[in-house]
Amino acid sequence: MTADPTTRPPLTVELAARAFATPSAYADEDYFHAATALLRREEPFPRVEVEGYPTFWAVTRHADVYEISTHHQAWRNQPRSVLLPLVLEAQQTKLVDVQSLVNIDDPKHRKIREVTADWFKPRTLARLEQRIASLATKAVDRMVELDGSCDFATDIAMPMPLEVILSLLGLPDSDYPRMLKLTQEVFGNADPELARDGGAADDAYAQALFEFAGYFSELVALRKATPTDDLASVIANALVDGRPMELLDQLSYYIIIATAGHDTTSATIAGGVRALVEHPDQLTRLQRHPELIPKAVEEIIRWVTPVKSFLRNAAAPYDVGGHHFEPGDAVLLSYWSANRDEAVFDDPMRFDVGREPNRHLAFGFGAHYCLGAVLARMEIRALLTELLPRLRSVSLAGTPQLSESVFVSGLKHLPLSYEVAPRS
Ligand code: HEM
Numbered sequence: 039m040t041a042d043p044t045t046r047p048p049l050t051v052e053l054a055a056r057a058f059a060t061p062s063a064y065a066d067e068d069y070f071h072a073a074t075a076l077l078r079r080e081e082p083f084p085r086v087e088v089e090g091y092p093t094f095w096a097v098t099r100h101a102d103v104y105e106i107s108t109h110h111q112a113w114r115n116q117p118r119s120v121l122l123p124l125v126l127e128a129q130q131t132k133l134v135d136v137q138s139l140v141n142i143d144d145p146k147h148r149k150i151r152e153v154t155a156d157w158f159k160p161r162t163l164a165r166l167e168q169r170i171a172s173l174a175t176k177a178v179d180r181m182v183e184l185d186g187s188c189d190f191a192t193d194i195a196m197p198m199p200l201e202v203i204l205s206l207l208g209l210p211d212s213d214y215p216r217m218l219k220l221t222q223e224v225f226g227n228a229d230p231e232l233a234r235d236g237g238a239a240d241d242a243y244a245q246a247l248f249e250f251a252g253y254f255s256e257l258v259a260l261r262k263a264t265p266t267d268d269l270a271s272v273i274a275n276a277l278v279d280g281r282p283m284e285l286l287d288q289l290s291y292y293i294i295i296a297t298a299g300h301d302t303t304s305a306t307i308a309g310g311v312r313a314l315v316e317h318p319d320q321l322t323r324l325q326r327h328p329e330l331i332p333k334a335v336e337e338i339i340r341w342v343t344p345v346k347s348f349l350r351n352a353a354a355p356y357d358v359g360g361h362h363f364e365p366g367d368a369v370l371l372s373y374w375s376a377n378r379d380e381a382v383f384d385d386p387m388r389f390d391v392g393r394e395p396n397r398h399l400a401f402g403f404g405a406h407y408c409l410g411a412v413l414a415r416m417e418i419r420a421l422l423t424e425l426l427p428r429l430r431s432v433s434l435a436g437t438p439q440l441s442e443s444v445f446v447s448g449l450k451h452l453p454l455s456y457e458v459a460p461r462s
């Protein structure tokens, strides 16, 4: 995919549909949004056949993504819930067959989700409020230390959510670099800069998952022997149907919390700050009206939509949005497309920190609705609350770069120049 519009071939429905299984298309937002706008208008359920990927229909409109997400008996996560190149799928099942919450269906899904559901409720997470606020302060202090210029994506947006997740799980700060690297190797498997050893080894992706599993096996043993009050102990000692949880289910749980819990939020924080830099009127508005921060958080999440897609599989014949599906058909729920749907959002390509209503689907919907949504919102709110009053000026100091991924993607580099006031 090229960033220069003059050298692109004219957009057709066939070409636009390929974007969903083309990692580089997600790194070129203008192209992706032009492609999906065309599809929403002309072919809202395009069939996508791209070599090396499974075949599926993409779901581009908000109403259809919502309907499929909320009918989880008819639309199952098994056998395939994440779009991966077929070679990576084969690697994954060979070395370690991770079966996390997003890979399973009821009745098992409900039981496994219940193990930690209380931990992710606002009342329990309120315990973390102070810790998150102090991590936000630390992040903005770091901007001061960096003396007016930084790569906001790597220097600021990545560390903070990872530290939050480590605190939640009860892991030591010294494990931070390893967790960061492993997560990037898993989500960045299609991006040569992020994939393990540049993706050189055939099984680079599976190796990263395998190393995760090894790390977390030790954690299960430790927390079984000496339980503490952290989330890692809850998972290590959980009973499901009156029996200890299976080791593979435990490892899968840790892996999804560790991975889903920070790359998503980092990408949202970096993408949100970029949107504010590129829309200075909205930045000024938010600085003058900090009471808008909760609405701005929602608009940033809609704008960035770091989780680009999940898959669902039809369990029975199903009609949705004028399209008929047969059992076994796979669909890709395109959250990024749904969150730019003209039928739901007034002027969807406008970044508006006061947007109301804002019925975005960035956290999905229904039985698999993001477990960490409350936590993610707390983190983004904390960072904005700390940063905005201290930010005197800010501008881009280079070209922002998005990662190439069809699943979780966002800024990997955001060079900024700025003036940030020291803590008063
Ligand atoms: C802005 C940040 C985030 C976004 C946009 C996001 C988005 C999503 C989406 C789209 C899903 C699938 C929903 C569906 O299938 O209907 C999901 C599931 C999940 N998310 Fe998040 N997420 C974010 C942050 C987090 C955080 C901080 C955690 C913390 C641990 C987390 C943990 C999970 C888990 C465990 C699931 C699986 C839930 C299930 O299948 O039952 N996420 N997330």
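Each residue of the sequence shown is one higher than the one before, starting from 39 at the first, in the working numbering.
Using N, Cα and C, we set each Cβ at its ideal position, and we do this for glycine too.
Taking only the alpha-carbon atoms, compute the straight-line gap between Trp113 and Thr93 and give it to the nearest angstrom.
For the purposes of this step, residue 113 is taken as the residue at position 75 of the sequence shown. For the purposes of this step, residue 93 is taken as the residue at position 55 of the sequence shown. Trp113 and Thr93: Cα-Cα distance of roughly 17 Å.
How is Arg350 classed by DSSP in three states: helix, strand or coil?
Reading the sequence shown from its first residue, position 312 is the one you call residue 350. Strand.
Mind checking whether the beta-carbon of Phe401 lies closer than 7 Å to any heavy atom of ligand 1?
In the sequence shown, counting from the first residue as 1, residue 401 sits at position 363. Under cutoff, so the answer is yes.
Which listed residue (Glu316, Phe445 and Leu413) has its alpha carbon closest to that of Asp156
Within the sequence shown, the letter at position 118 stands for residue 156. For the residues Glu316, Phe445 and Leu413, the minimum Cα distance to Asp156 belongs to Leu413.
Along the beta strand (DSSP E) that carries His361, what are the first and last residues, could you check?
Numbered from its first residue, the sequence shown carries residue 361 at position 323. Unbroken beta strand (DSSP E) run through His361: His361 to Phe363.
Contact between the segment 55-65 and the segment 440-451 (3+ Cβ pairs under 8 Å):
yes
Taking contact to mean at least 3 C-beta pairs separated by less than 8 Å, is the segment 165-177 in contact with the segment 414-421?
yes
Taking DSSP's pairing of strands, which residues face Asp472 in a bridge?
The requested residue 472 does not occur in the structure, where the chain is confined to residues 39 to 462.
Using the three-state DSSP reduction, which class does Arg393 fall into: helix, strand or coil?
Locating residue 393 in the sequence shown gives position 355, where the first residue counts as 1. The answer is coil: DSSP assigns Arg393 none of H, G, I, E or B.
Flag Gly280 as yes when its Cβ comes closer than 7 Å to any non-hydrogen atom of ligand 1, and as no otherwise.
Translated into the one-based positions of the sequence shown, residue 280 becomes position 242. Outside the cutoff, so no.
Uninterrupted alpha helix (DSSP H) stretches inside the segment 281-330 (no shorter than 4 residues):
285-298, 301-316 and 318-326
Do the segment 89-105 and the segment 320-334 meet, that is, are 3 or more Cβ pairs less than 8 Å apart?
no
Would you kindly check if the distance between the Cβ of Arg78 and the Cβ of Ser375 is under 8 Å?
As a working mapping, residue 375 is identified with position 337 in the sequence shown. As a working mapping, residue 78 is identified with position 40 in the sequence shown. The answer is yes: Cβ separation under 8 Å.
Assign Thr98 to buried or exposed, taking buried as 16 or more other Cβ atoms, counted over all protein chains shown, within 10 Å of its Cβ.
Here residue 98 refers to the residue found at position 60 when the sequence shown is read from its first residue. Counting Cβ neighbours within 10 Å, Thr98 comes out buried, since at least 16 surround it.
Ala246 CB to nearest heavy atom of ligand 1 below 7 Å:
Stepping through the sequence shown from its first residue, residue 246 is reached at position 208. Every heavy atom of ligand 1 is 7 Å or more from the Cβ of Ala246, so no.
Does the separation of the CB atoms of Leu349 and Phe58 fall below 8 Å?
In the sequence shown, counting from the first residue as 1, residue 349 sits at position 311. In the sequence shown, counting from the first residue as 1, residue 58 sits at position 20. Cβ atoms of Leu349 and Phe58: not closer than 8 Å.
What's the call for His362, buried or exposed, on a 16-neighbour Cβ count within 10 Å?
What you label residue 362 is simply residue 324 of the sequence shown in a count that begins at 1. Burial call: exposed.
Taking 7 Å as the cut-off, is the CB of Cys188 close to at least one heavy atom of ligand 1?
Indexing the sequence shown from 1 puts residue 188 at position 150. No, since every heavy atom of ligand 1 falls outside the 7 Å radius drawn around the Cβ of Cys188.
Quick one: give me the first and last residue of the alpha helix (DSSP H) that Ala174 is part of.
By 1-based counting over the sequence shown, the position of residue 174 is 136. Element bounds for Ala174: Glu167 to Glu183.
Cβ neighbour criterion (16 or more within 10 Å) applied to Val458
In the sequence shown, counting from the first residue as 1, residue 458 sits at position 420. Buried.
Do Val153 and Val140 have their beta-carbon atoms positioned less than 8 Å apart in this structure?
Along the sequence shown, one-based indexing puts residue 140 at 102. Along the sequence shown, one-based indexing puts residue 153 at 115. No, these two residues do not count as a Cβ contact at 8 Å.
Using 8 Å as the limit for Cβ to Cβ distance, is Ile106 near chain C?
The structure shown contains no chain C; it is built from a single protein chain.
Pull up the distance between the alpha-carbon of Pro344 and that of His71, whole angstroms please.
Within the sequence shown, residue 344 is the residue found at index 306, counting from 1. Within the sequence shown, residue 71 is the residue found at index 33, counting from 1. Cα to Cα, Pro344 sits roughly 14 Å from His71.
Where do the N-terminal and C-terminal ends of the alpha helix (DSSP H) with Ser431 fall, by residue?
Reading the sequence shown from its first residue, position 393 is the one you call residue 431. Per DSSP, Ser431 belongs to no alpha helix (DSSP H); it is in the beta strand (DSSP E), Leu429 to Leu434.
How would you label Arg340, buried or exposed, when you count the other beta carbons within 10 angstroms and need 16 or more for buried?
In the sequence shown, residue 340 corresponds to position 302, counting from 1. Classification for Arg340: buried.
Using CA coordinates, which residue listed in Leu285, Glu249, Leu247 and Ser138 is at the minimum distance from Arg261?
Taking the first residue of the sequence shown as position 1, residue 261 is located at position 223. Ranking the options by Cα distance to Arg261, first place goes to Leu285.
Touching or not, the segment 179-198 and the segment 241-260, by the rule of three or more beta carbon pairs under 8 Å?
no
Beta-carbon within less than 7 Å of Glu249's beta-carbon, same chain only, minus the 5 sequence neighbours each way: which residues are those?
As a working mapping, residue 249 is identified with position 211 in the sequence shown. Answer for Glu249: Leu220, listed in chain order.
Per DSSP, what kind of secondary structure is Asp68 in: helix, strand or coil?
By one-based count along the sequence shown, residue 68 stands at place 30. Three-state result, Asp68: helix.
Residues near Val51 by beta carbon distance below 6 Å, same chain, minus five either side
Residue mapping note: residue 51 aligns to position 13 of the sequence shown, counting from 1. Glu80 and Glu81, listed in sequence order.
Indicate the three-state DSSP secondary structure (helix, strand or coil) for Ser62 in the structure shown.
Position 24 of the sequence shown, counting from 1, holds the residue named residue 62. Helix, per DSSP.
Classify Thr40: buried if its beta carbon has 16 or more other beta carbons within 10 angstroms, exposed otherwise.
Working through the sequence shown from its first residue, we reach residue 40 at position 2. Residue confidence for Thr40 is low, a pLDDT of 43 falling below 50, so the modelled location carries little weight and cannot support an answer.
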